[in-house]
Amino acid sequence: MPELPEVETVRNGLLAWTVGRPIEAVEVLHPRAIRRHAPGAVDFVDALAGRTVTDVRRRGKYLWLPLDNGDAIIAHLGMSGQFRLASSSTPDDTHLRVRFRFADGDPQLRFVDQRTFGGLSISPGGAELPDEIAHIARDPMDPQFDDAEFVKAVRRRRSEIKRALLDQSLISGVGNIYADEALWRAKLHGARPTDALTKPAVLRLLGHVRDVLGEALLAGGTSFDSLYVNVNGESGYFDRSLAVYGREGLPCLRCGTLIRRESFMNRSSYSCPTCQPRPRHRRVPLVRA
DNA sequence: CCTCATTCCTGCGGGC
DNA sequence: TGCCCGCAGGAATGAG
Numbered sequence: 123m124p125e126l127p128e129v130e131t132v133r134n135g136l137l138a139w140t141v142g143r144p145i146e147a148v149e150v151l152h153p154r155a156i157r158r159h160a161p162g163a164v165d166f167v168d169a170l171a172g173r174t175v176t177d178v179r180r181r182g183k184y185l186w187l188p189l190d191n192g193d194a195i196i197a198h199l200g201m202s203g204q205f206r207l208a209s210s211s212t213p214d215d216t217h218l219r220v221r222f223r224f225a226d227g228d229p230q231l232r233f234v235d236q237r238t239f240g241g242l243s244i245s246p247g248g249a250e251l252p253d254e255i256a257h258i259a260r261d262p263m264d265p266q267f268d269d270a271e272f273v274k275a276v277r278r279r280r281s282e283i284k285r286a287l288l289d290q291s292l293i294s295g296v297g298n299i300y301a302d303e304a305l306w307r308a309k310l311h312g313a314r315p316t317d318a319l320t321k322p323a324v325l326r327l328l329g330h331v332r333d334v335l336g337e338a339l340l341a342g343g344t345s346f347d348s349l350y351v352n353v354n355g356e357s358g359y360f361d362r363s364l365a366v367y368g369r370e371g372l373p374c375l376r377c378g379t380l381i382r383r384e385s386f387m388n389r390s391s392y393s394c395p396t397c398q399p400r401p402r403h404r405r406v407p408l409v410r411a
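According to my numbering, the first sequence is numbered sequentially starting from 123.
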């Protein structure tokens, strides 16, 4: 699944292959792919014809492409979204949702998305930072990410630490896979209450989040093919380095205990029963008068 | 205001 | 063989 490292890899590909190329025509092959664009497909297509992408930027797992008129294309890959560069003679993928043709010819840009959780939209005047994604926090690799404020915000919460890591309004770019990896490195169970974590514990965890994202980013960079804007989150470049995610029943790389899988937030969480014991006390909800 | 369950979607693989 | 069901999960949404 595309998390920060994968989306950043895609950003680099788009930067190299879309900036400065006037858009000739756009084709929407599936309405769901632009469902966040309220004015609809006709408006989407008309608004982009003749425009030029001037940059490719990222906030968490969102991408936006500022245009030469001050608007911006917002893109989210969801779970299975991909941007691909292809020559016009390349047959369409079954799950092709949106096609961009450029005035200078090939390659064209294709938004392909099997499960259609991803999508594109246009943000009027959104070149600097679209209003639609202003609620997304900075990511931990951003120089302007505020560590101290993050620690305070986490400890202020009455929730569980994994929920906090996945909350894009608190810290962005982290998804289920890297959350589990960082928690394993920090030896914390995801159900640990946020308000009971010490400041040093949160800072340590944040450090591990950075390490994991940084390592994956490097791996994504090495496998990146300039002719194929890679966003295949399932392809093998990072799964070799995963310590817990998807490793149910396999030995913990630190202590040998078999990794467990637990259901959480309608998805799976992987952890080591020995290194990451479940918190002993479940918080008792306060009763209000 | 804050937290959290629900919902969207489709291909794949296991079980019967 | 073929069907059914569970699973993968980011984030908007509305409930409480």
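Beta carbons are placed, not taken as given, at the ideal position from N, Cα and C, and that holds for glycine.
In this text the structure is predicted, and so the values were computed from the model without any measurement.
(request) State the DSSP-derived secondary structure class of G355, mapped to helix, strand or coil. (result) With a pLDDT of only 39 at G355, under 50, the local geometry of the prediction cannot be trusted, and no value is derived from it.
(message) Going by the DSSP bridge assignment, what does T174 pair with across the sheet?
(response) T174 is bridged by DSSP to P144.
(message) Can you look up C394 in the DSSP assignment and give me helix, strand or coil?
(response) coil
(request) State yes or no: is the C-beta of Q204 within less than 8 Å of the C-beta of H311? (result) no
(request) In angstroms with no decimal places, state the Cα-to-Cα distance between E130 and G240. (result) Using only the alpha carbons, I get a separation of about 16 Å.
(request) Kindly examine the ligand SAM and report whether one of its heavy atoms sits closer than 7 Å to the Cβ of G378. (result) Although the ligand SAM was asked about, the structure shown includes no ligands whatsoever.
(request) Taking P262 and L328 to be in contact with their CB atoms under 8 Å, please state how far apart those CB atoms are, rounded to whole angstroms. (result) 6 Å
(message) Here's a check: name, in chain order, each residue in its chain whose Cβ is nearer than 7 Å to the Cβ of P401, leaving out the five neighbours to either side.
(response) H311, A313, R314, P315
(request) For G378, count neighbouring C-beta atoms within 10 Å of its own C-beta (all shown protein chains included) and say buried if the count is 16 or more, exposed if not. (result) exposed
(message) Would L325 and D289 qualify as a contact pair, given that the criterion is a beta-carbon distance under 8 Å?
(response) no
(request) Indicate whether the contact test is met: 3 or more Cβ pairs, each with one atom in the region 384 to 396 and one in the region 290 to 307, closer than 8 Å. (result) yes
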